[in-house]
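K.L.:
These protein sequence lines map, in sequence, to chains A and B.
The numbering of the first sequence is the working numbering, which starts it at 1 and goes up by one.
The numbering of the second sequence is the working numbering, which starts it at 1001 and goes up by one.
Cβ atoms here follow ideal geometry from the backbone N, Cα and C, with glycine treated the same way.
Only a predicted model underlies this, so the values are computations on that prediction, with no experimental measurement involved.
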Amino acid sequence: MATLDSKIPSGPLADKWRKHKVDMKLVNPANKRKYEVIVVGAGLAGSSAASSLADLGYKVKCFVFHDSPRRAHSIAAQGGINAAKNYQNDGDSVHRLFYDTIKGGDYRAREANVHRLAEVSANIIDQCVAQGVPFAREYGGLLANRSFGGAQVSRTFYARGQTGQQLLLGAYSALSRTVGQGLVELHPNSEMLDLVVVNGHAKGIIVRNLKTGAITRHAADAVILATGGYGNVFNLSTYARQSNATAIWRAYKRGACMANPCYTQIHPTCIPVSGDYQSKLTLMSESLRNDGRIWAPKKKDDAKKDPNTIAEADRDYFLERLYPSFGNLAPRDIASRAAKRVCDEGRGAGASGLGVYLDFSDAIKRLGENGVRERYGNLFAIYHEITAESGYKTPMRIYPAVHYTMGGLWVDYNLMSNVPGLFVLGEANFSDHGANRLGASALMQGLADGYFVIPYTVGDYLAGQKAGSRPSIDSAEFKAAAENVTGMSQRFLGTKGKQPVSHFHKRLGKIMWDHCGMARTKEGLESALQKLPALREEFHATVNVLGSGDTLNQSLEQAGRVADFIELGELMCRDALTREESCGGHFREEHQYPDGECKRDDEQFGHVAAWEFQGKDKTPLRNVEPLNYEFVKMSVRNYK
Amino acid sequence: MVAASTPPSLSVTLRVWRQAGPKTLGQFKDYAAKDLNPNMSFLEMLDVVNDGLTIKGEEPIAFAHDCREGICGTCSLTINGKPHGPGRAIATCQTYLRSFRDGDIIVVEPFRAAAFPLVKDLVVDRTSFDQIMQAGGFITARAGSAPEANGLPIAKGVADLAMDAAQCIGCGACVAACKNASAMLFVSAKVGHLGLLPQGQAERDRRVLAMVHTMDEAGFGSCTNQYECSAACPKTISHDFIARLNRDYLGATLRRAFQPEAATTDGGGA
Ligand SMILES: Cc1cc2nc3c(=O)[nH]c(=O)nc-3n(C[C@H](O)[C@H](O)[C@H](O)COP(=O)(O)OP(=O)(O)OC[C@H]3O[C@@H](n4cnc5c(N)ncnc54)[C@H](O)[C@@H]3O)c2cc1C
Ligand code: FES
Chain A
1 MATLDSKIPS
11 GPLADKWRKH
21 KVDMKLVNPA
31 NKRKYEVIVV
41 GAGLAGSSAA
51 SSLADLGYKV
61 KCFVFHDSPR
71 RAHSIAAQGG
81 INAAKNYQND
91 GDSVHRLFYD
101 TIKGGDYRAR
111 EANVHRLAEV
121 SANIIDQCVA
131 QGVPFAREYG
141 GLLANRSFGG
151 AQVSRTFYAR
161 GQTGQQLLLG
171 AYSALSRTVG
181 QGLVELHPNS
191 EMLDLVVVNG
201 HAKGIIVRNL
211 KTGAITRHAA
221 DAVILATGGY
231 GNVFNLSTYA
241 RQSNATAIWR
251 AYKRGACMAN
261 PCYTQIHPTC
271 IPVSGDYQSK
281 LTLMSESLRN
291 DGRIWAPKKK
301 DDAKKDPNTI
311 AEADRDYFLE
321 RLYPSFGNLA
331 PRDIASRAAK
341 RVCDEGRGAG
351 ASGLGVYLDF
361 SDAIKRLGEN
371 GVRERYGNLF
381 AIYHEITAES
391 GYKTPMRIYP
401 AVHYTMGGLW
411 VDYNLMSNVP
421 GLFVLGEANF
431 SDHGANRLGA
441 SALMQGLADG
451 YFVIPYTVGD
461 YLAGQKAGSR
471 PSIDSAEFKA
481 AAENVTGMSQ
491 RFLGTKGKQP
501 VSHFHKRLGK
511 IMWDHCGMAR
521 TKEGLESALQ
531 KLPALREEFH
541 ATVNVLGSGD
551 TLNQSLEQAG
561 RVADFIELGE
571 LMCRDALTRE
581 ESCGGHFREE
591 HQYPDGECKR
601 DDEQFGHVAA
611 WEFQGKDKTP
621 LRNVEPLNYE
631 FVKMSVRNYK
Chain B
1001 MVAASTPPSL
1011 SVTLRVWRQA
1021 GPKTLGQFKD
1031 YAAKDLNPNM
1041 SFLEMLDVVN
1051 DGLTIKGEEP
1061 IAFAHDCREG
1071 ICGTCSLTIN
1081 GKPHGPGRAI
1091 ATCQTYLRSF
1101 RDGDIIVVEP
1111 FRAAAFPLVK
1121 DLVVDRTSFD
1131 QIMQAGGFIT
1141 ARAGSAPEAN
1151 GLPIAKGVAD
1161 LAMDAAQCIG
1171 CGACVAACKN
1181 ASAMLFVSAK
1191 VGHLGLLPQG
1201 QAERDRRVLA
1211 MVHTMDEAGF
1221 GSCTNQYECS
1231 AACPKTISHD
1241 FIARLNRDYL
1251 GATLRRAFQP
1261 EAATTDGGGA
């Protein structure tokens, strides 16, 4: 049974982080060079962590499977990043951002973590501006803001529709500087395939060079995973195609607990699926809901009609109708389910019936087409490229799609997992978003973790480790882990079955979307738990991975990732089945109010479920970390 | 279907560059791609072709891709002689089959340049771009040292222009399009972005000198102002930034010649 000590500091909420920073142990500057830290991943979380730790004086090695750190999936974030600057004078504050995030997460996040996130949010904007991130500005030269879902203030900073790109390029520039200065050793094209645990502590990783196939061992005093989310379990999602769960899954199999894996976010505004060849779903940023109005035909008979011919009186602006105070800016889980319900009633638009309209005609009347283009031009261009339709002339057609995973490896307040020395940052951990993440909060969390949390907390751990006590890479643990990795590759290459890896990924995705997607039921999850082990066996018996292990081999890379996705999918279903309540992105049809809203059960499930690996073919153990709400009252979320 | 009406399907012949590794010889090979939905993306077509190859027991075509929405800069195919294919202002992954006609023969090659050595089939190594960035593509600002963000107003026009340059996705199409395989558009975009901003002034000279020097070392060619680069750029980064880079470089070189301190001691880089 894993020990789950959240290590939340005592004292008033607003003083916890300040006090903790004073209480933590320090490593003296001359000793820092003696400690080596491995950072896996260089998205917002990883690159900010790697450069900050290097600037402090630690020896840092950074590994990414991408050919360059600049290509991490963070690059694709569109809409913006939240911060409690209150530049709009509209009543924002650290407390309000904290409260919105806790409530947005449907009271399933830790209060202390979320408060710290809100506290450091303002520093992030300062940091990014100092690095040259070209945020949008007003004519007076000061920073501009927009609104995002789940908030009634304007606190989102943005750089056109490419905020993630600009923030990542900022963090990448800091990483590049430290690489150039010789402070960080960068390993691109390098995929971590196992975690090495020595005497119960994380002390290294096993890596495959994707260009040459070489397997290498790397020892360190601490290992940081910042490897992103696992939404590609669903195959079709808004994630980049290469995003995967391998790093966290292999760490799970080495003893790190996986927390709340069933908490996935389905984003309401994505371009609908068009065919079975489809490889990804494209997001239409939430920022569009600032000016676009979402509607569906009132009458089923109108569903197939040209939307421009449907009279105003025959349109149902369902978010405005159901949630008058938040309207089109209702949080994502709520907006997605509302769209699903409308389509389930047969009022969905398009040939598939899976779509609702996002309409800019009022905004165009108000701002002019150019005004709309100025705000969202690149998003309209993306829509046009994919659908060959103009969002200026006809309402866009959108449908919910998998977008983010709130679950992830369990971490304490210091962002350390239950395996000492293993830290987890960014989307890969579970800590800040509860059961639903608010828009523009993932970028905030990634940079908070990397720039402002880990530089303090890693020192607290390292101060307790003797400098120079890293195990040798020739030790038995390293050897065993390396053999594990080589063995896996050999098995995939030796199977010589019939079907390409993609075949299994598609089938996995369908099972997950049907049974563990926007709406879940006991029967559905149970049937998924029958289908998934069968799929896993079939995959290992009949997958066809051609080529060899000692060159670039994209099928081999995919095989390992899909093998992990299938296992993780099973754990997600198990988690969803056990959580007999609805909260945030986890909606169990059995647990709802008559109006279709989530019915939580705080008595039974006001806790974090942290799953612990028990060995192949054994049922994992469900550990529980109670959520103690000391400062906010858990209540029914109301956006009406 | 997403598109209002579904056009008829099409079949094409792909003439694809196959090369097992950096040290082996490569050659074109033809593949038939049949009954394709015109709403399919070019990369989705390659997925389908690759699955077919795998089932037949032939190693699939290696090609680089990730975000599939034109922002990560990973995809890098030269299609019918044009980096990123026939469309303007888009990356390979944003190319859809409706840009082609039934019966077309489509030639697919990697981005070719001396500074982008080939890894396998259609995949090249663009580490040289990272090296240029490591030499100077940054503003030194350690975490924790930043002043209040609104303490430094920046005129909207300046911020917008900096953003135009900052949009570069680092794909390398500019290099592949240039007959000299020059990286000037890439370098000028970063030098322009950071050099326009007040925060970027302290390291301005040092930055441009270091980046241009590293670019030359990495084996990129020189710019002869043909502007094929801007035409191929998926983010339509303007070649005006190259003119700006040349001015910056000249100024920094002169300052260094006459006032060695000024161009070398500012900034905190390597
Ligand atoms: C389309 C889209 C739009 C979004 N828009 C917004 C938005 O507007 N605002 C917002 O706040 N959030 C947004 N998000 C969410 C946000 O972008 C992500 O949650 C966040 O960027 C994740 O950052 P990260 O650093 O945790 O991971 P990532 O950016 O995913 O980086 C993962 C890194 O880990 C590396 N890696 C992974 N596995 C391995 C391995 N085994 N070995 C070696 N390296 C590995 C990768 O190479 C990469 O460098 C959006 C997400 C999507 C999909
Ligand atoms: S795959 Fe990311 S830009 Fe094309």
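Please work out which residues of its chain come closer than 6 angstroms, Cβ to Cβ, to TYR323 (chain A), disregarding the five sequence neighbours upstream and downstream, and give them in chain order.
P.N.:
Around TYR323 (chain A): ALA330, TYR639 and LYS640.
K.L.:
State buried or exposed for ALA1263 (chain B), treating a residue as buried only when at least 16 other CB atoms are found within 10 Å of its CB.
P.N.:
At ALA1263 (chain B), the pLDDT of 48 sits below 50, so the modelled position is not reliable; the number obtained from the coordinates is stated separately. Buried is the call here.
K.L.:
Using 8 angstroms for Cβ pairs, my map puts ALA1115 (chain B) next to VAL1175 (chain B). What's the rounded Cβ distance?
P.N.:
Confirmed, Cβ separation roughly 7 angstroms.
K.L.:
Would the region 91-101 of chain A count as touching the region 124-132 of chain A if we require 3 or more Cβ pairs under 8 angstroms?
P.N.:
Touching, no, given that fewer than three Cβ pairs across the two stretches are closer than 8 angstroms.
K.L.:
At which residues does the alpha helix (DSSP H) containing SER190 (chain A) begin and terminate?
P.N.:
Here SER190 (chain A) belongs to no alpha helix (DSSP H); instead the beta strand (DSSP E) covers 190-198.
K.L.:
Are any of the Cβ atoms in chain B nearer than 8 angstroms to that of ASP126 (chain A)?
P.N.:
At least one chain B Cβ lies under 8 angstroms of ASP126 (chain A).
K.L.:
How is ALA1004 (chain B) classed by DSSP in three states: helix, strand or coil?
P.N.:
Annotation note: pLDDT 44 at ALA1004 (chain B) (below 50); position unreliable, coordinate value reported separately. Coil, per DSSP.
K.L.:
Is LYS1034 (chain B) helix, strand or coil by DSSP?
P.N.:
Of the three classes helix, strand and coil, the one that applies to LYS1034 (chain B) here is strand, per DSSP.
K.L.:
Can you find the residues in the same chain that come closer than 6 angstroms, C-beta to C-beta, to TYR252 (chain A), ignoring five residues on each side of it along the sequence?
P.N.:
Taken in chain order, the residues that qualify are MET258 and PHE613.
K.L.:
In the region 371-385 of chain A, which residues sit with their C-beta less than 7 angstroms from some C-beta in chain B, listed in chain order?
P.N.:
Here the close residues are ILE382 and GLU385.
K.L.:
So is TRP1017 (chain B) buried or exposed if we call it buried at 16+ other beta carbons inside 10 Å?
P.N.:
When all chains shown are included, TRP1017 (chain B) counts as buried.
K.L.:
Taking Cβ positions only, does MET141 (chain A) come closer than 8 angstroms to chain B?
P.N.:
Before going on, a small fix: residue 141 (chain A) reads as Gly here, not Met. Closer than 8 angstroms: yes.
K.L.:
Name the residue from A:LEU167, A:LYS203, A:ILE266 and A:GLY170 whose alpha carbon lies nearest to the alpha carbon of TRP513 (chain A).
P.N.:
That would be A:ILE266, whose Cα lies nearest to the Cα of TRP513 (chain A).
K.L.:
Does any heavy atom of ligand 1 sit closer than 7 angstroms to the C-beta of PRO69 (chain A)?
P.N.:
Answer for PRO69 (chain A): yes, Cβ within range of ligand 1.
K.L.:
Hey, would you say the C-beta of ALA1159 (chain B) is under 7 angstroms away from at least one heavy atom of ligand 2?
P.N.:
Outside the cutoff, so no.
K.L.:
For GLY459 (chain A), which residues from the same chain have a beta carbon less than 6 angstroms from its beta carbon, with the 5 sequence-adjacent residues on both sides left out?
P.N.:
Result list for GLY459 (chain A): LEU26 and VAL27, in chain order.
K.L.:
Which same chain residues end up closer than 6 angstroms to ARG600 (chain A) when comparing Cβ atoms and leaving out the 5 residues on each side of it in sequence?
P.N.:
Counting only Cβ-Cβ distances below 6 angstroms, and skipping sequence neighbours, we find GLU581 and CYS583.
K.L.:
Pull up the CB-CB distance for GLY446 (chain A) and LEU193 (chain A), whole angstroms please, since I reckon it's below 8 angstroms.
P.N.:
Contact doesn't hold; Cβ gap of about 23 angstroms is too wide.
K.L.:
Taking Cβ positions, are ARG1061 (chain B) and ASP1104 (chain B) nearer each other than 8 angstroms?
P.N.:
Residue identity differs from the one stated: residue 1061 (chain B) is Ile in this sequence, not Arg. No, these two residues do not count as a Cβ contact at 8 angstroms.
K.L.:
Taking 8 angstroms as the cut-off, decide whether the C-beta atoms of ALA1189 (chain B) and PHE1241 (chain B) are in contact.
P.N.:
Cβ distance < 8 angstroms, so ALA1189 (chain B) and PHE1241 (chain B) count as in contact.
K.L.:
For ARG579 (chain A), name the three-state secondary structure that DSSP assigns.
P.N.:
Looking at ARG579 (chain A) - three-state DSSP - the assignment turns out to be coil, as it is neither helix nor strand.
K.L.:
Here's the rule I'm using: 16 or more other beta-carbon atoms within 10 Å means buried, otherwise exposed. How should SER431 (chain A) be labelled?
P.N.:
Answer is buried; the Cβ neighbour count reaches 16.
K.L.:
Checking contacts by CB at 8 angstroms: is GLN554 (chain A) closer than that to chain B?
P.N.:
Chain B contact via Cβ: present.
K.L.:
Measure the beta-carbon distance from PRO395 (chain A) to ASP449 (chain A) and round it to whole angstroms, keeping in mind my assumption that it falls under 8 angstroms.
P.N.:
At roughly 38 angstroms, the Cβ-Cβ gap does not stay under 8 angstroms, so PRO395 (chain A) and ASP449 (chain A) are not in contact.
K.L.:
Under three-state DSSP, which class holds THR486 (chain A)?
P.N.:
Helix.
K.L.:
Examine ligand 1 and report whether any of its heavy atoms sits within less than 7 angstroms of the Cβ of TYR593 (chain A).
P.N.:
TYR593 (chain A): no, Cβ never under 7 angstroms from ligand 1.
K.L.:
Using the beta-carbon of each residue, which ones in chain A are nearer than 7 angstroms to ALA1155 (chain B)?
P.N.:
Those are GLY141, listed as they occur along chain A.
K.L.:
For GLY1021 (chain B), which residues of its own chain have a beta-carbon under 8 angstroms away from its beta-carbon, when the five flanking residues on both sides are left out?
P.N.:
Cβ neighbours of GLY1021 (chain B) beyond the five flanking positions: VAL1119 and LYS1120.
K.L.:
Does any residue of chain B bring its CB to less than 8 angstroms from the CB of LYS652 (chain A)?
P.N.:
Chain A is shown only over 1 to 640; residue 652 (chain A) falls outside these bounds and no answer can be derived.
K.L.:
Output the distance between the C-alpha atoms of LEU1043 (chain B) and ARG1098 (chain B), rounded to the nearest integer angstrom.
P.N.:
Roughly 13 angstroms between the two C-alpha positions.
K.L.:
Rounded to whole angstroms, what is the Cα-Cα separation between TYR277 (chain A) and CYS1072 (chain B)?
P.N.:
One C-alpha to the other measures close to 22 angstroms.
K.L.:
Please state whether DSSP places THR1224 (chain B) in a helix, a strand or coil.
P.N.:
Correct three-state label for THR1224 (chain B): coil.
K.L.:
Over the uninterrupted alpha helix (DSSP H) stretch that includes HIS540 (chain A), give me the two end residues.
P.N.:
Residues 522-542.
K.L.:
Using a Cβ-Cβ distance under 8 angstroms, would GLU1044 (chain B) count as near chain A?
P.N.:
By this cut-off, GLU1044 (chain B) is an interface position.
K.L.:
Give a yes or no on whether the minimum CB-CB distance between GLU1069 (chain B) and chain A is below 8 angstroms.
P.N.:
True, the Cβ-Cβ gap to chain A drops below 8 angstroms.
K.L.:
Is there a Cβ of chain A sitting closer than 8 angstroms to that of HIS1065 (chain B), yes or no?
P.N.:
Yes, contact with chain A.
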